[in-house]
Amino acid sequence: MKKRAITLYINGDEYNLNIPVHHTLLQVIRDHLNLTDVKYGCGRGECGACTVLLDVGKGKRKTVLACVALAATMDGKSITTAAGLAKNGDLHPVQKAFVDESAIQCGFCTPGMVLKSVSILEKNPKPTEVEIRRGLEGNICRCTGYVKIIKAVQVASKKIAAGKR
Ligand code: FES
Ligand code: FES
């Protein structure tokens, strides 16, 4: 089996790995590193459960579906998962809003949903409801009916605008 040495930075921690070249980022995160806050849903880029945030430089981040990204292409990259969003013990405003607005039921979609919501707000701090719905299109929730999730993103948007964490 062909392998490749890569370095990943996940939630600020450095991981030096020797991985099969065909392994996905999701396999590496969950199976090699046991970071199970990143969820395996469909495994084919359709549900958003495996969403992570990828640092693309100049303080910008974009979401990546870890189940359809080859880990070998991520060598040297910095990645944030839901477990890395809190700062000094304080939840990210989006995480807090999901809790406060009861936007979580079984919780399986929640890490990906939260990370996608963070990305939406980083690109557009005051999205309309339609923009939130469009932004979350690729993230599927089988429980909540989305209404409370949309509300949580709106609440987080207001808190961030007010400078609250
Ligand atoms: S598990 Fe990656 S999109 Fe569904
Ligand atoms: S809370 Fe259950 S899938 Fe979203």
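Here the sequence shown stands for residues 0 to 164, where the numbers follow numbering that gives the first Met the number 0.
Here a beta-carbon is modelled for each residue, glycine too, at the ideal position from N, C-alpha and C.
Just confirm the distance between the C-beta atoms of residue i and residue j, as a whole number of angstroms; I'd bet it's less than 8 Å.
{"i": "alanine 65", "j": "valine 37", "result": "6 Å"}
{"i": "valine 154", "j": "glutamate 100", "result": "6 Å"}
{"i": "lysine 158", "j": "proline 110", "result": "Their Cβ separation, rounded to whole angstroms, is 20 Å, which puts lysine 158 and proline 110 out of contact at 8 Å."}
{"i": "glycine 47", "j": "glycine 137", "result": "5 Å"}
{"i": "asparagine 15", "j": "threonine 23", "result": "Not quite, the Cβ-Cβ distance comes to about 19 Å (not below 8 Å), so this is no contact."}
{"i": "threonine 62", "j": "serine 118", "result": "5 Å"}
{"i": "threonine 143", "j": "alanine 102", "result": "6 Å"}
{"i": "isoleucine 148", "j": "cysteine 140", "result": "7 Å"}
Are residue i and residue j close, meaning C-beta to C-beta below 7 Å?
{"i": "isoleucine 18", "j": "leucine 53", "result": "no"}
{"i": "leucine 32", "j": "alanine 81", "result": "no"}
{"i": "alanine 151", "j": "phenylalanine 97", "result": "yes"}
Compare the C-alpha of residue i against each of the options and name the closest.
{"i": "serine 116", "options": "Thr23, Arg43, Arg132", "result": "Arg132"}
{"i": "alanine 167", "options": "Gly75, Gly42, Thr35", "result": "Because the chain in this structure spans residues 0 to 164, residue 167 falls outside the shown range and cannot be described."}
{"i": "valine 67", "options": "Cys142, Gly162, Gly44, Thr143", "result": "Gly44"}
{"i": "proline 124", "options": "Lys147, Gly58, Cys142, Ala160", "result": "Ala160"}
{"i": "threonine 50", "options": "Met0, Met112, Met73, Lys2", "result": "Met112"}
{"i": "tyrosine 8", "options": "Ser156, Gly162, Val27, Val146", "result": "Val27"}
{"i": "asparagine 87", "options": "Lys2, Lys1, Asn10", "result": "Asn10"}
{"i": "leucine 84", "options": "Thr72, Arg60, Met0, Cys105", "result": "Arg60"}
{"i": "lysine 2", "options": "Gly162, Tyr145, Ser156, Thr72", "result": "Thr72"}
{"i": "lysine 95", "options": "Leu25, Ser156, Met0", "result": "Ser156"}
{"i": "glutamine 104", "options": "Val146, Asp89, His21", "result": "Val146"}
According to DSSP, simplified to helix, strand and coil, what is residue i?
{"i": "leucine 32", "result": "coil"}
{"i": "aspartate 74", "result": "coil"}
{"i": "alanine 4", "result": "strand"}
{"i": "leucine 84", "result": "coil"}
{"i": "valine 67", "result": "helix"}
{"i": "leucine 52", "result": "strand"}
{"i": "isoleucine 18", "result": "strand"}
{"i": "isoleucine 9", "result": "strand"}
{"i": "lysine 57", "result": "coil"}
Step through the CB atoms of chain C and report whether any lies within less than 7 Å of the CB of residue i.
{"i": "alanine 161", "result": "Of the protein chains in the structure, only one exists, and it is not chain C."}
Give the list of continuous alpha helix (DSSP H) stretches no shorter than 4 residues that lie fully inside the region 110 to 151.
128 to 134
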